[in-house]
Amino acid sequence: MQTAQDKSPWLWVPSLYFGQAIPYVVVMTLSVLMYKDRGVGNDDIAFYTSWLYLPWVIKPLWSPLVDMVRTKRWWIVTLQLAIGAALAAVGFTMHLPAYFQISLAVLWVMAFFSATHDIAADGFYMLGLKQYQQAAFVGVRSTFYRLATIVGGGAMAMLAGHLTTSTGDVGFAWSVVFFALAALFIALFAYHSVVLGRPAEDKTVLGGGDKLAEFFATFASFFGKRDICLILGFILTFRLGESQLLKLAIPFMKDPVVKGGLGMTTEQVGLAYSTIGIIALTLGGCWAAS
């Protein structure tokens with residue numbers, strides 16, 4: 064049987080990290096733009112969509128379970144199918160009377176799927192590549208993650224803006240966007256089901272009560288550290304100001320000038336904020352690194 068290390072990393076590393084970025088962009092950027100287009104208030108957008116980030120913050124709490132239950136390969140392909148289903152479900156909520164509450168609940172579940180997928184994908188990367196390849200493909204991972212940010216945040220926002228202008232139906236426009244993203248993840252699921260190898264080290268490590276007891280003992284030891292509340296408080300709040308600013312960036316750009324905003328359209332936000340902005344950030348990072 065061909066293992067992951069027998070296959071060219073170019074077959075799966077770019078697509079794996081492209082797929083890893085899309086749900087994060089959907090939750091952190093597209094959801095804000097979608098709710099703004101649907102007329103949700105800035106205060107509700109900032110409060111409720113901020114909670115969607117929580118799964119990525121606390122994912123270390125259940126990351127050992129990914130090793131203990133099934134293989135990383137299984138987690139990757141299964142969660143890509145689940146994320147695709149969740150994206151399609153959001154698309155179906157757009158014309159429901161309680162679309163805001165239902166779509167938020169679906170996005171919340173999808174965020175947990177995505178955070179768990181990140182754990183499995185990063186673990187599979189370590190198992191599927193030799194040590195020198197892991198270092199060599201760091202730049203590839205970052206490049207395709209950024210590319211997914213442009214596609215998921217920029218191109219999809221511009222598509223939503225274009226469809227809104229041409230059809231006059233905001234709900235239809237965003238349904239099409241989420242159905243397109245769902246189709247992308249179904250394709251990734253089918254592709255990775257075939258392309259991902261099966262490293263010998265990628266196996267379930269759950270061996271009975273001893274492993275489970277060790278799992279809980281590790282967390283008990285961590286939370287028993289001196290000043291743990293202060294440590295956790297710093298971890299959870301040191302980027303609080305930045306996160307608040309980013310959450311209100313899109314509403315600021317979309318609000319009319321008379322209300323203190325920039326009066327930009329959805330297409331303009333997608334182009335300026337999630338396309339040109341990401342490209343400039345990437346080029347600036349490359350220049351600084353050189």
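First residue of the sequence shown: 64, per our numbering; consecutive thereafter. All C-beta atoms in this analysis are idealised placements derived from N, C-alpha and C, irrespective of residue type, glycine included.
Tell whether a beta-carbon distance below 8 Å holds between Asp100 and Thr230. What you label residue 100 is simply residue 37 of the sequence shown in a count that begins at 1. What you label residue 230 is simply residue 167 of the sequence shown in a count that begins at 1. Not in contact: Asp100 and Thr230 (Cβ atoms no closer than 8 Å).
Which residue from Gly217, Arg209, Thr156 and Pro118 puts its Cα closest to that of Asp181? Stepping through the sequence shown from its first residue, residue 181 is reached at position 118. Answer by Cα proximity: Pro118.
Determine, using beta-carbon pairs with one atom in the segment 195–212 and one in the segment 114–129, whether at least three such pairs fall under 8 Å. In short, these stretches do not touch, since the Cβ pair count stays below three.
Within the segment 198–243, ranges of the alpha helix (DSSP H) (whole runs, at least 4 residues): If we require 4 residues or more, the alpha helix (DSSP H) runs fully inside the segment 198–243 come out as 201–212 and 219–230.
Distance, Pro262 Cα to Leu308 Cα: Residue numbering aside, residue 308 sits at position 245 when the sequence shown is read from its first letter. Residue numbering aside, residue 262 sits at position 199 when the sequence shown is read from its first letter. Here the C-alpha atom of Leu308 lies approximately 42 Å from the C-alpha atom of Pro262.
Are Tyr188 and Ala84 close, meaning C-beta to C-beta below 8 Å? By 1-based counting over the sequence shown, the position of residue 188 is 125. By 1-based counting over the sequence shown, the position of residue 84 is 21. For Tyr188 and Ala84, no; Cβs fall outside 8 Å.
Where does Phe285 land, buried or exposed, given buried means 16+ other C-beta within 10 angstroms? In the sequence shown, residue 285 corresponds to position 222, counting from 1. So Phe285 ends up on the exposed side.
Ser177: buried (16+ other C-beta within 10 angstroms of its C-beta) or exposed? Position 114 of the sequence shown, counted from the start, is the residue given in the question as residue 177. That one is buried.
Mark Trp73 as exposed unless 16 or more other C-beta atoms lie within 10 angstroms of its C-beta, in which case mark it buried. Here residue 73 refers to the residue found at position 10 of the sequence shown. Burial call: exposed.
Give me, in chain order, the residues of the same chain whose beta-carbon lies closer than 7 Å to that of Tyr162; leave out the 5 immediate sequence neighbours on both sides. To locate residue 162, count along the sequence shown from 1; it is residue 99. Thr156.
If you follow the alpha helix (DSSP H) that His158 is part of, which residue opens it and which one closes it? Counting from 1 along the sequence shown, the entry for residue 158 is found at position 95. From DSSP, His158 is part of no alpha helix (DSSP H); its letter is neither H nor E.
Candidates Ala199, Leu295, Ala148 and Leu303: closest to Pro77 by CA position: Here residue 77 is taken as the residue at index 14 of the sequence shown, counted from 1. If you compare the alpha carbons of Ala199, Leu295, Ala148 and Leu303 with that of Pro77, the shortest gap goes to Ala199.
Assumed close pair Lys70, Gly324 - CB separation to whole angstroms, cut-off 8 Å: Position 7 of the sequence shown, counting from 1, holds the residue named residue 70. Position 261 of the sequence shown, counting from 1, holds the residue named residue 324. Taking a contact as a CB-CB distance under 8 Å, the pair Lys70 and Gly324 does not count as one, their CB atoms being some 49 Å apart.
Within 7 Å: the Cβ of Gly82 and any heavy atom of the ligand NAP? You won't find the ligand NAP in this model; it holds no ligand whatsoever.
Name the residue from Gln331, Ala343, Phe81 and Leu346 whose alpha carbon lies nearest to the alpha carbon of Gly217. What you label residue 217 is simply residue 154 of the sequence shown in a count that begins at 1. Looking at the Cα atoms, Gln331 is the closest of the given residues.
Short check: CB of Val89 to CB of Ile313, under 8 Å? As a working note, residue 89 is residue 26 in the sequence shown. As a working note, residue 313 is residue 250 in the sequence shown. At a Cβ-Cβ threshold of 8 Å, Val89 and Ile313 do not count as neighbours.
By Cβ distance below 8 Å, which residues in the same chain neighbour Ser306 in space, the five residues on each side in sequence not counted? Counting from 1 along the sequence shown, the entry for residue 306 is found at position 243. These residues qualify, in order along the chain: Ser113 and Tyr116.
Proximity of Ala245 and Leu150 at Cβ, strictly below 8 Å: As a working note, residue 245 is residue 182 in the sequence shown. As a working note, residue 150 is residue 87 in the sequence shown. Contact: yes.
Where are the alpha helix (DSSP H) runs, 4 residues long or more, that stay fully inside the segment 164–198, in chain order? Secondary structure within the segment 164–198: not one fully enclosed alpha helix (DSSP H) run of 4 or more consecutive residues is present.
Residue environment, Leu346, which counts as buried when at least 16 other CB atoms sit within 10 Å: Locating residue 346 in the sequence shown gives position 283, where the first residue counts as 1. Leu346 should be labelled exposed.
Under 8 Å between C-beta atoms of Ile139 and Pro86: Against the sequence shown, residue 139 aligns to sequence position 76. Against the sequence shown, residue 86 aligns to sequence position 23. No, these two residues do not count as a Cβ contact at 8 Å.
If we ignore side chains and look at the alpha-carbon of each, how far apart do Tyr80 and Leu303 end up? Taking the sequence shown and counting its residues from 1, the one referred to as residue 80 is at position 17. Taking the sequence shown and counting its residues from 1, the one referred to as residue 303 is at position 240. Going by C-alpha positions, Tyr80 is about 26 Å away from Leu303.
So Lys135 packs on Gly104, CB below 8 Å; how close in whole Å? By one-based count along the sequence shown, residue 135 stands at place 72. By one-based count along the sequence shown, residue 104 stands at place 41. Gly104 and Lys135 do not touch by the CB rule: their CB atoms are close to 41 Å apart, not below 8 Å.
Could you spell out where the alpha helix (DSSP H) holding Leu96 opens and where it closes? In the sequence shown, counting from the first residue as 1, residue 96 sits at position 33. Note, Leu96: alpha helix (DSSP H), Ser94 to Asp100.
Please tell me whether Leu93 and Ala220 are closer than 8 Å, where the distance is taken between their beta carbons. Sequence index remark: in the sequence shown, residue 93 carries index 30 (1-based). Sequence index remark: in the sequence shown, residue 220 carries index 157 (1-based). Leu93 is a Cβ neighbour of Ala220, given a cutoff of 8 Å.
Compute the Euclidean distance between the alpha carbons of Lys193 and His255, then round it to the nearest angstrom. Stepping through the sequence shown from its first residue, residue 193 is reached at position 130. Stepping through the sequence shown from its first residue, residue 255 is reached at position 192. The straight-line gap from Cα to Cα measures roughly 19 Å.
Supposed close pair Gln143, Phe248 - CB separation, criterion 8 Å: Here residue 143 is taken as the residue at index 80 of the sequence shown, counted from 1. Here residue 248 is taken as the residue at index 185 of the sequence shown, counted from 1. That belief holds up - the Cβ atoms of Gln143 and Phe248 are roughly 5 Å apart, short of 8 Å.
Kindly indicate which residue of Ala250, His225, Ala109 and Leu251 has the alpha-carbon position closest to the one of Val239. As a first step, residue 239 is located in the sequence shown; it is residue number 176 there, counting from the start. Checked all of Ala250, His225, Ala109 and Leu251; the closest Cα to Val239 is His225.
Cα-Cα separation, Tyr336 to Glu277: Within the sequence shown, the letter at position 273 stands for residue 336. Within the sequence shown, the letter at position 214 stands for residue 277. In a straight line, the C-alpha of Tyr336 is about 46 Å away from that of Glu277.
State the DSSP-derived secondary structure class of Leu115, mapped to helix, strand or coil. Along the sequence shown, read from residue 1 onward, the residue named residue 115 stands at position 52. It is coil, neither helix nor strand.
Relative to the alpha-carbon of Phe110, which residue among Gly154, Gly82, Leu124 and Leu167 has its alpha-carbon at the smallest distance? The residue you call residue 110 lines up with position 47 of the sequence shown. Closest in alpha carbon position to Phe110, among Gly154, Gly82, Leu124 and Leu167, is Leu167.
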